[in-house]
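Numbered by my numbering, the letters in the sequence shown go through residues 4 to 241 in order.
Ideal Cβ placement from N, Cα and C applies to all residues, glycine included.
Worksheet: the structure to be examined is printed underneath.
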Amino acid sequence: MSEKSSGKGGRSASRPTAIISTLIGVVVIAVVVLQQLGVIDLEVGESTPDANPSPGASATDVDQARAWLDELRVEEENDPDGYDRGLFPHWDRGVEGNCTTRQMVLVRDGEGVETDDDCRPVSGSWYSVFDGETFTDPQDIDIDHLVPLKEGWRSGAHAWSTEERRRFANDLEESPQLWAVSASSNRSKGDADPGDWLPPLESFHCEYVTAWIEVKHVWDLSVDPAEEAAMREVLEGC
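What follows is the structure, given as structure tokens:
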């Protein structure tokens, strides 16, 4: 009698378990279908990205920058006579369609940028990595030569051909030379190297220095002792 009763109890207990299992299965199928339809997002471990995430240099970037810095020529700064910005023809037209290099950087570095028939940005927003500010008027944005043209001249570009200087001044692909940043920060920087100027936004210093080193390495430009020391100090904190 007890065995019969026990068996009946086991069957009774298994019934709600089966119902729950069925409901779970239905929910799982529904969730999968909704995910495939794009109604929900089940990505785990990923937070919603900030509109303007804080830039940074990875450990790999920093290690590479140190290696490249070791390869750069360290020379006392030389400022040969004859520098003229016109010796570096810049803002080439026809880079893509009828766009100039400057316009291409504005489109590349902005968000929601729309242009007119002459490729001039008429709307959009630009986050300036130098100072962490966002702008909606392209007139408030300058295109910074990370390694300024005059700094390039002092570092070896005085010996280049005009064509080499043109490529350096319009470099969209070979190195991280061109940046859309606030006009105020760009003008504050002038032609200074990292020994004399670093971006106001301290969290960008590591990326700024690693990018500077990359440009100088790609273009085989020298660094002066104060410039080298300042960059090594920044890299120590990265």
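Does DSSP put residue i in a helix, a strand or coil?
i	result
THR118	strand
TYR211	helix
VAL77	strand
THR137	strand
TRP163	coil
LEU238	helix
SER225	coil
GLY100	coil
LEU109	helix
ASP64	helix
ALA195	coil
LEU242	Nothing in the structure corresponds to residue 242, since the chain is present only between 4 and 241.
Using the Cα positions of residue i and residue j, report the straight-line distance between them to the nearest angstrom.
i	j	result
GLU230	LEU224	12 Å
VAL63	ARG69	Correcting the residue identity first, residue 63 is Thr in this sequence and not Val. In a straight line, the C-alpha of THR63 is about 10 Å away from that of ARG69.
ASN189	SER178	19 Å
THR137	ASP147	16 Å
VAL110	TRP182	11 Å
LEU201	ASP174	21 Å
VAL77	TRP129	35 Å
TRP94	TYR86	18 Å
LYS192	ASP119	31 Å
LEU75	ALA195	18 Å
VAL132	TRP163	30 Å
GLN67	ALA232	17 Å
SER206	GLY240	11 Å
GLU210	ASP199	17 Å
How should residue i be labelled, buried or exposed, when 16 other C-beta atoms within 10 angstroms of its C-beta is the threshold for buried?
i	result
GLY155	buried
SER158	buried
VAL218	buried
THR165	exposed
GLY113	buried
GLU236	exposed
Note down, in chain order, each residue of its chain lying with its Cβ closer than 7 Å to the Cβ of residue i, except the 5 sequence neighbours on either side.
i	result
ARG88	LEU152
GLU1	Residue coverage of the chain in this structure runs from 4 to 241, which leaves residue 1 outside it and unanswerable.
ASP143	SER185, ALA186
GLU99	MET107
Check the Cβ-Cβ distances between residue i and every residue of chain B, and say whether any is below 8 Å.
i	result
ILE216	The structure shown contains no chain B; it is built from a single protein chain.
Beta-carbon within less than 6 Å of residue i's beta-carbon, same chain only, minus the 5 sequence neighbours each way: which residues are those?
i	result
CYS102	CYS122
GLY135	LEU204
LEU72	ILE216
MET234	PRO197, VAL212
VAL116	VAL110, PRO124, GLY127
HIS208	LEU201, VAL237
Residues in the same chain with beta-carbon distance under 8 Å from residue i, minus the five sequence neighbours each way, listed in chain order, please.
i	result
PRO83	TRP156, ARG157, HIS161
ARG170	GLU177
The region 73-92 / the region 106-119 touching (three or more Cβ pairs under 8 Å)
Between the region 73-92 and the region 106-119 there are fewer than three inter-stretch CB-CB distances shorter than 8 Å, so the stretches are not counted as touching.
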